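J.:
Protein chains: 2
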Amino acid sequence: MTAYDLCFLGFGTVGKALAGLLASRRTELRERYDVEYRITGVASRRLGWIARASGVDLSAPAGRLCHDVNDWLDRARPHVVFEMIPLDPHTGQPALDYLRAALEHGAHAISANKGPLVHGYRELSRLADACGKRYLFESAVMDGAPVFSLARHCLPLAGLRAARGVFTSTATVVLEAVEEGLSIDEGIARAQQLGIAEADPGYDVDGWDTAVKLCAVANVLFGAALVPADVRREGIRSLDAAHVRAARRDGRPYRLIGRIAPDGDTVTARVAPERVEPGDPLGVVHGTTLVMHYQADVFPGGLTVVSHDPDPTTTAYGLFADFVSAIGALA
Amino acid sequence: MTAYDLCFLGFGTVGKALAGLLASRRTELRERYDVEYRITGVASRRLGWIARASGVDLSAPAGRLCHDVNDWLDRARPHVVFEMIPLDPHTGQPALDYLRAALEHGAHAISANKGPLVHGYRELSRLADACGKRYLFESAVMDGAPVFSLARHCLPLAGLRAARGVFTSTATVVLEAVEEGLSIDEGIARAQQLGIAEADPGYDVDGWDTAVKLCAVANVLFGAALVPADVRREGIRSLDAAHVRAARRDGRPYRLIGRIAPDGDTVTARVAPERVEPGDPLGVVHGTTLVMHYQADVFPGGLTVVSHDPDPTTTAYGLFADFVSAIGALA
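For the record, the sequence lines run as chains A and B. Each residue of the first sequence is one higher than the one before, starting from 1 at the first, in this note's numbering. Each residue of the second sequence is one higher than the one before, starting from 1 at the first, in this note's numbering.
Dropping the structure here:
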């Protein structure tokens, strides 16, 4: 039996879902993987930096209140840090500094955050290698459905050439609202009611969310070195509502589609509203469904992965699966 | 650099595609994984048991002609045996004996064959464990698209509950022919022209192929112990052609669908023609496309994997990916 001390950095919707998921899998972790765990730290803007080496009860977090991330890591001494704080897409901070600190303190750094992934993927991966730890980030794109683990474990040397998909559920929800006769702003209000829109919904509808995710995929899976400003970006605000409705009636609805395409030795990325033809692999997208379609040498017609109506547990599951992978429990 | 000696057991369409794939990936195997390989044996009904420790040129196979599998393994001394001989769904033989022999001779046993998987999964897995080797079989279901590696590496403790999919492309091709106005027999002829039908096409259209694949998935991913006779099975021959055409016109076409569903502590499997509703995750299936849709605790609306128009290289890729996994080259 191996026992792991875990720290939660961020304790919002996803953090709470992860706590629930870990608790629901406690017996299976023990029986299938010979693994025990204990939570030794939790931190959020509301809670501050809480550490207790003997274990924190996440239903009523209490313990020593530390003064910063390093103090917290010194006290909590985690084997694994789960990072899921709010995104700053422009710099990846402060998550980037926190993940660096986690690795330097000897913990695996598992992050749901696409900011540090886009701004620090190579640095954090090198640092993790140097520390003999892992930096993993399955939940940063497609909310916990397999993207990075799929490529790493299931598609070695598959000859990936291109990818496209729907990565921002808010955009789909807004477009569907417009298809029903509502305005863009009413669609945004609906996405906010569903709890899926980012704090700044413009971030989703203007294509920034997709652009950041495309950079993550392009840099990790396609060896590119893109930043969001490199992505040709067109959002859905400029679409004419009558055109959106006509496209739906026509069976070729608009969706906000991100594409990674070959360009010499590397790839380019762009995001724009496109009409989806009947029978297209992306044609399954409605509601909050996310989809990624890969083109690869060994899949002549492509390989598609679809996650239908993910919820916070799905995102938490990406972190959970990264944990199982990081500790080497997988066969 | 680690050098691996490989043997091919079966050298038809898939074997030739695997030889081409390995050759095309030789540089990347060296540069990315520090791996070299050499073919030291090839066997088929036509060639006999050919072994040459110094290397066999697969474009003109020659070497010592051995008298049986054990003699062949003794001479070729492979680290890995790729098994892809014709299927006997009723017993899994002789592939089952060959895979046992490969493991006992200290080789990883990598098989595209669903016969031994259904009839010998537990025995071969135990034997592989005892020998410190791997028995892997990604290509046995869905032609090399990730099924077993996906579950093993990407979905630990995901709480898989059920699965359904289209696993037999011949059935789809035949149904589409009927939708166009042809007869079932004309549809079968078309599938044979495409080279996708089994030697006995009844095996596909009567649901046996799907039934065998469902047993493989149920036994490996859902802990069941099903044999094909346990699967409730209905093929597509009994469908009325007018109904098939009307269903297509109606936008709810018939497809031959395999289902694994919970039943107390284990699962049951059945295969039958079903009408696919618009928007259903299986609705993308046309031509030779294969699809698997999983229900799991952590994917509220399910997770779908679609392989569009796979070809023999796709099947070969499943064996190739198993090879990379078996030798521990994956991160």
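Glycine included, C-beta positions come from ideal geometry on N, C-alpha and C. All figures in this text were calculated on a predicted structure; none of them were measured in a lab.
Please state the DSSP three-state secondary structure of Pro116(A).
T.: For the purposes of this step, residue 116(A) is identified with residue 116 of the first sequence, where counting begins at 1. Helix, per DSSP.
J.: Can Lys83(A) and Leu29(A) be called in contact, C-beta distance under 9 Å?
T.: As a working note, residue 83(A) is residue 83 in the first sequence. As a working note, residue 29(A) is residue 29 in the first sequence. Here residue 83(A) turns out to be Glu, not Lys, going by the sequence shown. Not in contact: Glu83(A) and Leu29(A) (Cβ atoms no closer than 9 Å).
J.: Tell me, which residues are paired with Gly15(A) by DSSP?
T.: As a working note, residue 15(A) is residue 15 in the first sequence. In DSSP, Gly15(A) forms no bridge with anything.
J.: Tell me, please, which residues DSSP counts as bridged to Gly333(A).
T.: Outside the shown range of chain A (1 to 331) lies residue 333(A), about which nothing can therefore be said.
J.: Give the residues of chain A in contact with Glu28(B), contact being defined as C-beta atoms less than 8 Å apart.
T.: Here residue 28(B) is taken as the residue at index 28 of the second sequence, counted from 1. Residues of chain A passing the Cβ test: Leu157.
J.: Buried or exposed, going by whether 16 or more other CB atoms sit within 10 Å of the CB of Thr266(B)?
T.: Reading the second sequence from its first residue, position 266 is the one you call residue 266(B). Result: exposed.
J.: Using 10 angstroms around the beta-carbon of Met1(A), count the other beta-carbons present and answer buried if the total reaches 16, otherwise exposed.
T.: Residue 1(A) sits at position 1 when you count from the first residue of the first sequence. Exposed, because fewer than 16 other Cβ atoms sit within 10 Å of the Cβ of Met1(A).
J.: Based on Cα-Cα distance, which residue from Val56(A), Asp57(A), Arg38(A), Asp68(A) lies nearest to Gly48(A)?
T.: The residue you call residue 48(A) lines up with position 48 of the first sequence. Measuring from the Cα of Gly48(A), the nearest candidate turns out to be Asp68(A).
J.: For chain A, find out if any of its Cβ atoms is closer than 9 Å to the Cβ of Val166(B); answer yes or no.
T.: Within the second sequence, the letter at position 166 stands for residue 166(B). Not one chain A Cβ lies under 9 Å of Val166(B).
J.: Would you say Ser149(B) lies against chain A (beta-carbon separation less than 9 Å)?
T.: The sequence position of residue 149(B) within the second sequence is 149, counting from 1. At least one chain A Cβ lies under 9 Å of Ser149(B).
J.: Taking Cβ-Cβ distances shorter than 7 Å, what residues in chain A pair up with His153(B)?
T.: Taking the first residue of the second sequence as 1, we reach residue 153(B) at position 153. By Cβ distance, chain A contributes Ser149, His153, Cys154, Leu330.
J.: Using 10 angstroms around the beta-carbon of Thr27(B), count the other beta-carbons present and answer buried if the total reaches 16, otherwise exposed.
T.: The residue you call residue 27(B) lines up with position 27 of the second sequence. Exposed, because fewer than 16 other Cβ atoms sit within 10 Å of the Cβ of Thr27(B).
J.: Rounded to whole angstroms, what's the CA-CA distance from Tyr135(A) to Phe148(B)? Just pull it up for me.
T.: Taking the first residue of the first sequence as position 1, residue 135(A) is located at position 135. Taking the first residue of the second sequence as position 1, residue 148(B) is located at position 148. Taking the straight line joining both Cα atoms gives about 25 Å.
J.: Mapping the DSSP letters down to three states, classify Ala128(B) as helix, strand or coil.
T.: Position 128 of the second sequence, counting from 1, holds the residue named residue 128(B). Residue state, collapsed to three classes: helix.
J.: With C-beta atoms as the reference, is His79(A) less than 9 Å away from Leu96(A)?
T.: Translated into the one-based positions of the first sequence, residue 79(A) becomes position 79. Translated into the one-based positions of the first sequence, residue 96(A) becomes position 96. The answer is no: Cβ separation not under 9 Å.
J.: Quick check on the burial criterion: 16 or more other C-beta atoms within 10 angstroms. Buried or exposed for Leu157(A)?
T.: Sequence index remark: in the first sequence, residue 157(A) carries index 157 (1-based). With 16 or more Cβ atoms within 10 Å of its Cβ, Leu157(A) is classed as buried.
J.: Exposed or buried, which one is Thr289(B) when buried takes at least 16 other CB atoms within 10 Å?
T.: Translated into positions along the second sequence, residue 289(B) becomes position 289. When all chains shown are included, Thr289(B) counts as buried.
J.: If we count Cβ pairs, one from each stretch, closer than 8 Å, do we get three or more for the region 240 to 254 of chain A versus the region 193 to 208 of chain A?
T.: In short, these stretches do not touch, since the Cβ pair count stays below three.
J.: Rounding to the nearest angstrom, what Cα-Cα distance links Arg164(A) and Val141(B) in this structure?
T.: As a position in the first sequence, residue 164(A) is number 164, starting the count at 1. As a position in the second sequence, residue 141(B) is number 141, starting the count at 1. Roughly 25 Å separates the two Cα atoms.
J.: For the structure I just gave you, are there three or more beta carbon pairs, one from the region 91 to 109 of chain A and one from the region 30 to 41 of chain A, closer than 8 Å?
T.: Output reads no: the region 30 to 41 of chain A does not touch the region 91 to 109 of chain A.
J.: In whole angstroms, what is the alpha-carbon distance linking Pro61(A) and Ile50(A)?
T.: Working through the first sequence from its first residue, we reach residue 61(A) at position 61. Working through the first sequence from its first residue, we reach residue 50(A) at position 50. Pro61(A) and Ile50(A): Cα-Cα distance of roughly 8 Å.
J.: Return helix, strand or coil for Ser325(A), following the three-state DSSP convention.
T.: By one-based count along the first sequence, residue 325(A) stands at place 325. Ser325(A) falls in the helix class under three-state DSSP.
J.: By the DSSP assignment, the beta strand (DSSP E) with Leu303(A) in it spans what residues?
T.: For the purposes of this step, residue 303(A) is taken as residue 303 along the first sequence, with counting starting at 1. Per DSSP, Leu303(A) belongs to the beta strand (DSSP E) from 299 to 307.
J.: Just grab the DSSP bridge partners of Thr313(B) for me.
T.: Looking up residue 313(B) in the second sequence gives position 313. BP columns for Thr313(B) are empty, so no partner.
J.: Determine the DSSP secondary structure at Ser111(A), reduced to helix, strand or coil.
T.: Position 111 of the first sequence holds residue 111(A). It is a strand residue.
J.: Over what stretch of residues does the beta strand (DSSP E) that includes Gln192(A) continue unbroken?
T.: Working through the first sequence from its first residue, we reach residue 192(A) at position 192. Gln192(A) -> not in any beta strand (DSSP E); alpha helix (DSSP H) instead, spanning 184 to 194.
J.: Of the choices Pro89(B), Arg38(B), Ala269(B), whose alpha-carbon is the least far from that of Gly55(B)?
T.: As a position in the second sequence, residue 55(B) is number 55, starting the count at 1. Per the Cα distances, Arg38(B).
J.: Excluding the five sequence neighbours on either side, which residues of its own chain have a C-beta within less than 7 Å of the C-beta of Arg52(B), listed in chain order?
T.: On the second sequence, position 52 is the one that residue 52(B) refers to. Only Thr40, Gly63, Arg64 meet the Cβ criterion.
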